[in-house]
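Going by our numbering, 41 is the number at position 41 of the sequence shown; the sequence numbering is gapless.
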Amino acid sequence: MNEENIEFWVACEDFKKTKSPMKMAVKAKKIYEDFIQTEGPREVNIDHYTKDVTLRNLVDLSPVTFDLAQKRIYALMEKDSFGRFLRSEQYQELVK
């Protein structure tokens, strides 16, 4: 499983819990630049439609800004190695 998929999923979960508009903007920019943007350092494998929707969502931030992309990555992880993900330390920390 690609580590960046888990990291992206975790970053999205953290983003959803963010209340401050300032912090949301900072986190959204980082998530986009790291994981969504073409040639980003940890670019995840999502289709162009999902990238476009996510980019449009960045204009008006809300907790669901990255939902479509997160769902696509979740589906990839589920198909690939979901069992390992569920056993991962990161996931276990999130569900505590």
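Glycine included, C-beta positions come from ideal geometry on N, C-alpha and C.
Rounded distance between the beta-carbons of residue j and residue i, thought under 8 angstroms
i	j	result
residue 54	residue 69	5 angstroms
residue 94	residue 26	Actually they do not touch by this definition, with Cβ atoms about 21 angstroms apart.
residue 42	residue 52	Actually they do not touch by this definition, with Cβ atoms about 20 angstroms apart.
residue 90	residue 6	6 angstroms
Reduced DSSP category for residue i - H, G, I as helix; E, B as strand; rest coil
i	result
residue 15	helix
residue 40	coil
residue 8	helix
residue 96	coil
residue 67	helix
residue 34	helix
residue 52	helix
residue 80	helix
Nearest neighbour of residue i, chosen from the options [CA to CA]
i	options	result
residue 12	2, 22, 36	36
residue 24	56, 7, 44, 63	63
residue 61	3, 46, 22, 50	22
residue 58	5, 15, 7	15
residue 28	87, 88, 56, 78	56
First and last residue of the uninterrupted alpha helix (DSSP H) at residue i
i	result
residue 61	Residue 61 -> no alpha helix (DSSP H), and no H or E assigned at all.
Sub-8 angstroms separation of residue i and residue j beta-carbons
i	j	result
residue 46	residue 72	yes
Distance cut-off 7 angstroms: residue i Cβ against heavy atoms of the ligand COA
i	result
residue 38	Among the components of this structure there are no ligands whatsoever, and the ligand COA is therefore not found.
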